[in-house]
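Numbering (the working numbering), first residue to last: 80 to 260. I have placed the structure first, in the form of structure tokens, so that the comments after it can refer back to it.
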């Protein structure tokens, strides 16, 4: 029989947290959560592939009786809120660009439809067909360029806000780290 010797070890109760994060943000999340007492669950060292493409499941654990738990939890919630705000700002870059490109494409399609109706009219209105086809083709070609330009402009506009949020996150993490030491 094997004898289980627990000498030198004492019981530690853990609380667990499971996150689904983008692979590109994995290190950022790990670094942040460590400042609130979380550590990677050693039973699952490598992040597991998530059902969402490009994401991983990150499993963390923390001592339930950690010092300053209430303040660490408050800072952690603030940290998570800042992360959500950054994600929303990042998503708004492409959201606006997509809407502008779609509206331009739909308008181009409407002009092409009118151009088609002009050519099928009895007698065919060829000049009107040509006049309507030009903005129609432009409406099909321009969305690509509008999309890229809008993303570039929106990125330049939002980058200072995103950077300010990151600075806020670093300050929050520093406060959390100071509570752990």
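Built from N, CA and C at the ideal position, the CB exists for glycine as well.
**Prompt:** Going straight from the alpha carbon of residue 194 to that of residue 201, what length do you get?
**Reply:** As a position in the chain shown, residue 194 is number 115, starting the count at 1. As a position in the chain shown, residue 201 is number 122, starting the count at 1. One C-alpha to the other measures close to 14 Å.
**Request:** Indicate the three-state DSSP secondary structure (helix, strand or coil) for residue 108 in the structure shown.
**Result:** For the purposes of this step, residue 108 is taken as residue 29 along the chain shown, with counting starting at 1. Residue 108: helix per DSSP, three-state reduction.
**Prompt:** Do the segment 146 to 159 and the segment 175 to 195 meet, that is, are 3 or more Cβ pairs less than 8 Å apart?
**Reply:** no
**Request:** Only counting runs of 3 or more residues, tell me where the beta strand (DSSP E) segments fall wholly within the segment 114 to 162, in order along the chain.
**Result:** 134 to 142
**Asked** Considering only residues of the segment 153 to 216, which uninterrupted beta strand (DSSP E) runs meet the minimum length of 3 residues and lie entirely inside it, listed in chain order?
**Response** none
**Prompt:** In chain order, what residues of the same chain lie with their CB nearer than 6 Å to the CB of residue 94, ignoring the 5 residues before and after it?
**Reply:** For the purposes of this step, residue 94 is identified with residue 15 of the chain shown, where counting begins at 1. So the list reads 141 and 143, once near-sequence residues are dropped.
**Asked** Is DSSP giving residue 260 helix, strand or coil here?
**Response** Sequence index remark: in the chain shown, residue 260 carries index 181 (1-based). In the structure shown, residue 260 sits in coil (DSSP, three-state: anything other than H, G, I, E or B).
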